[in-house]
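S.K.: Before anything else, here's the structure in question.
Residue numbers (mature numbering (1 follows the signal peptide of the UniProt record, and there is no 0)): -23 to -1, 1 to 373.
See the structure below:
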């Protein structure tokens, strides 16, 4: 009979470490034991702990369970002044997070995937070298998140979607926050949203209608981004900071965009509203020298997005641009499949998607359409290549 060894769980030895704490529980007792041996080596005087047995489950101050790491963090965790990395992700730690205030050597904190219930107000105080924080997948009842005047970068995290946050401040950021603000649309408890005063941050894409119509909203600051689509019209009771000419709305006043503009925004939604396009696509006429757009008599005939650094997928909404003749999306990092909807384009003569990361079968286009797919190693394969999930909100 094969009996599975229980995973390791530690209760209080974290307070003994002076350099690095790194603990994992990913389904392997052997891996857990190896980690414990590494931790033992980190301690200056391990003999004082009586950790001599080859089985870490028999060590003093160590408990083994079948469920991974459990318990709560020690109250004096912030006395580890030389701590640089703290990793206890994907375990079963519970209770309120304790303050890490004053740990100015700490660079990385991974607390995601636990049962922590709250974050103390001084959690980040004096953590001057902090670069990476992972707090997602905890049952926080977070209502206020003020991250102003930091060096954050990347898109807004998807974990904001449907969160209970009421006040979100990301103003004065000197990093590179970018991408759409779509995740805001289901934050139904928002009362304050501050995105203004950013130097290098470039939020793009339309302002969600659900944010505009949010009954709880009292303050919204959107100045100095490159938001697109129609100028939003908030309720008269909302205090709005949204200076003219500091975004890329199609019109200076509220009102619908030209149908061609709306269609193009639907197209670039699947590639996360690229910053380069948002900066160039100004006004309400895409035939007025918009980047990558060629027109004939007001009709869009060529979309040339070659070497535009695009990530994401090819939008089936391209089929709505019925006048397009040449569709050039080569030399990007596009993933997914070629949409069947593109075969419906009546005037299409060329589809160029070489050197992307596409997979799947090539749809059956008309014989007159030239389709170029060279350099997509997974074209013809049923499944996409595996990839690691991206990180968000780096560099604080």
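Virtual Cβ for every residue (Gly too), placed ideally from N, Cα, C.
Which residues bound the alpha helix (DSSP H) around residue 255?
M.R.: Its alpha helix (DSSP H) spans residues 252 to 257.
S.K.: Look up residue 54 in the DSSP assignment and say whether it is helix, strand or coil.
M.R.: Note: residue 54 maps to helix in three-state DSSP.
S.K.: Taking the CB atoms as reference points, tell me whether residue 313 and residue 249 lie closer together than 8 Å.
M.R.: No, Cβ-Cβ distance for residue 313 and residue 249 is not below 8 Å.
S.K.: Put residue 11 into one of helix, strand or coil per three-state DSSP.
M.R.: Reduced to three states, the DSSP call for residue 11 is helix.
S.K.: Alpha carbon to alpha carbon, what distance is there between residue 89 and residue 114?
M.R.: Going by the C-alpha atoms only, they are around 6 Å apart.
S.K.: Check whether the Cβ atoms of residue 158 and residue 129 sit closer than 8 Å, and answer yes or no.
M.R.: No, the pair does not count as a contact, with Cβ atoms beyond the cut-off.
S.K.: On the DSSP bridge list, what partners appear for residue 119?
M.R.: In DSSP, residue 119 forms no bridge with anything.
S.K.: May I have the straight-line CA-CA distance separating residue 261 from residue 135, to the nearest angstrom?
M.R.: Answer to the nearest angstrom: the Cα atoms are 30 Å apart.
S.K.: Find out if the Cβ-Cβ distance for the pair residue 240, residue 297 is shorter than 8 Å.
M.R.: It is a contact, given that the beta carbons lie within the stated cut-off.
S.K.: With three or more C-beta pairs closer than 8 Å as the rule, is the stretch 217 to 234 touching the stretch 197 to 208?
M.R.: Yes, since at least three Cβ pairs between the stretch 197 to 208 and the stretch 217 to 234 fall closer than 8 Å, the two stretches touch.
S.K.: Where are the alpha helix (DSSP H) runs, 4 residues long or more, that stay fully inside the stretch 173 to 221, in chain order?
M.R.: Correct list: 186 to 189.
S.K.: Excluding the 5 residues flanking residue 352 on each side, which residues of the same chain have their C-beta closer than 6 Å to its C-beta?
M.R.: Counting only Cβ-Cβ distances below 6 Å, and skipping sequence neighbours, we find 331, 332.
S.K.: Cα separation between residue 96 and residue 54?
M.R.: Taking the straight line from one Cα to the other gives about 14 Å.
S.K.: Looking at the structure shown, is residue 317 part of a helix, part of a strand, or coil, going by DSSP?
M.R.: Note: residue 317 maps to helix in three-state DSSP.
S.K.: Let me know the secondary structure DSSP gives residue 133 once reduced to three states.
M.R.: If DSSP states are grouped into helix, strand and coil, residue 133 belongs with coil.
S.K.: Within 10 Å of its beta-carbon, does residue 3 have 16 or more other beta-carbons around it, so buried, or fewer, so exposed?
M.R.: Because residue 3 sits at a pLDDT of 37, beneath the cut-off of 50, its placement in the model cannot be relied upon, and the following sentence gives the value as read from the coordinates. So residue 3 ends up on the exposed side.
S.K.: On the criterion of 16 or more Cβ atoms from any shown chain inside 10 Å, does residue 229 qualify as buried, or is it exposed?
M.R.: Looking at its Cβ environment, which holds fewer than 16 other Cβ atoms inside 10 Å, residue 229 is exposed.
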